[in-house]
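Everything below concerns the one structure shown next.
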Amino acid sequence: MNIDPAARYHADGTEGELPDGDAAAALLLSRRPELVPWILQWQRGLIETFGDGLRQDATRGAVALGIALARMGLRHGSWGEDFHAYHNENHALELMDGRMGRLLAAAGEAFDGRDRIALMLFCACHDLRQREEGEGEGPVGPNEAASIAESARILAAAGFDARRDAWLYRSLELAIAGSTFDARPLPPDARRNTAELAARGGALAPHLGEWLDAREPGWREDPVSQRALALAQVASDLDTANVSEPLLELAASSIRLCEEREMRIGRSLGDPGSAAPCLAFLTDGQQRFFFELHRFCSDAGRLAFAGGKAANAGPMGALLDALRAQYAQGLSSHHCGLDVIRQFARLALRISE
5 MNIDPAARYH ADGTEGELPD GDAAAALLLS RRPELVPWIL QWQRGLIETF GDGLRQDATR
65 GAVALGIALA RMGLRHGSWG EDFHAYHNEN HALELMDGRM GRLLAAAGEA FDGRDRIALM
125 LFCACHDLRQ REEGEGEGPV GPNEAASIAE SARILAAAGF DARRDAWLYR SLELAIAGST
185 FDARPLPPDA RRNTAELAAR GGALAPHLGE WLDAREPGWR EDPVSQRALA LAQVASDLDT
245 ANVSEPLLEL AASSIRLCEE REMRIGRSLG DPGSAAPCLA FLTDGQQRFF FELHRFCSDA
305 GRLAFAGGKA ANAGPMGALL DALRAQYAQG LSSHHCGLDV IRQFARLALR ISE
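Basically the numbering used here = 1-based index in the sequence shown + 4.
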């Protein structure tokens, strides 16, 4: 794949405002000061667990984490002018501070220090860009391709080197590419005999090997690429493990995605025209994601998160059925998207009691 970070996806104003670790730390200290000692504690924990040989990688990784989080918060998050309800610094943090802990508690022995750095940086970097248009790189979405490019620049700013630290560059490249998620319905006559078509419907991660076979013959003899591909499967599970969160947290993530979707389309939630799209997203869309499109890609992900998803299947189905029943007689001209979202939230609270 080898997406060239300089060829197509260039630095933007946010990168210019936050070019390095010092600028990022200053922003974090002014907006979320608790994150700076939290990142430093993560760095110290790696060194304590894996020894002084990991000190340099852990130190550089902490700098990269700070840059990525600060840019997320400024570009699409709570500290800038283009707020995205779902894809913001809090989404990165829910992966880094919650799901990573559950993953390591369940299967920590499967991941060495470098694996943990790569996965943590995936959590921080995989959604850096959300406003890219046009085509990506093959089945890799344009937002993901641009995020790969920016991630490489972040690694360089933190002191990593593309040749010396190929393990990390390759891991982020494949993991972010694999986080491409295609929710479009398959055409009736689709032939699923290519990687591009196989990737239709769900995460790209399970199909990266097929795509690399076509793009990079011989990659299977490269141990760096083999490990990076394995980590990409785990990263995909981290990203989509909202299916395993307690029902109210799962419902909250659905609401945030719905709000962001309407914002990106340019519809106000108070507009009656938003009612039907919100209802469709919070019923058929969530059912398709939870019961059809989502699949665990790694043994470690299944071990950490499959039980939570299984526990959610009944309540989630009941929630979707209850929302459909609420509007079984149709939407009136007075309903808007906000009404539907509030009803979804009320029903989630009732079912979770």
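Every residue, glycine too, gets a C-beta built ideally from N, C-alpha and C. Just so you know, these numbers come straight off a predicted model, no measurement behind them.
Between which two residues does the alpha helix (DSSP H) holding residue i run?
i	result
Ser155	146 to 161
Phe309	303 to 330
Asp243	227 to 244
Pro41	39 to 54
Gly94	For clarity, residue 94 is Asn in the given sequence; the question names Gly instead. Its alpha helix (DSSP H) spans residues 93 to 98.
Gly25	25 to 35
Asp61	59 to 79
Pro281	279 to 284
Gly213	212 to 219
Arg265	251 to 269
May I ask you to list the residues that DSSP assigns as paired with residue i?
i	result
Glu137	Its beta-bridge partners do not exist; DSSP assigns none.
Phe293	Bridge partners of Phe293: none, in fact.
Asp186	Gly206
I'd like to know whether the C-beta atoms of residue i and residue j end up nearer to each other than 7 Å.
i	j	result
Gly182	Asp241	no
Ala279	Leu335	yes
Gln290	Ser248	no
His80	Gln134	yes
Arg22	Ala28	Residue identity check: residue 22 is Leu in the sequence provided, not Arg. It is a contact, given that the beta carbons lie within the stated cut-off.
Leu73	Glu98	no
Arg310	Phe295	Strictly speaking, residue 310 in this sequence is Ala, with Arg absent from that position. Not closer than 7 Å, so no.
Asn147	Glu154	no
Leu261	Tyr90	yes
Ile51	Ala62	yes
Ala232	Arg174	yes
Would you identify the three-state DSSP class for residue i, choosing helix, strand or coil?
i	result
Asp131	coil
Ala207	strand
Phe87	coil
Ser337	coil
Gly274	coil
Glu113	helix
Tyr173	helix
Ala199	With a pLDDT of 43 at Ala199, under the threshold of 50, the modelled position of that residue is not reliable, and the figure given next carries that caveat. DSSP places Ala199 in helix when its eight states are reduced to three.
Arg103	helix
Asp16	coil
Arg346	helix
Glu357	coil
Arg167	coil
Ser248	helix
Leu22	coil
Should residue i be labelled buried (16 or more other beta-carbon atoms within 10 Å of its own) or exposed?
i	result
Ile158	buried
Gln237	buried
Ile269	exposed
Pro9	Confidence at Pro9 is low in this model, with a pLDDT of 46, below 50, so its placement is unreliable and the value that follows should be read with caution. Its Cβ being crowded by 16 or more others within 10 Å, Pro9 is buried.
His130	buried
Gln47	buried
Pro41	exposed
Tyr36	For clarity, residue 36 is Arg in the given sequence; the question names Tyr instead. Burial call: buried.
Arg103	buried
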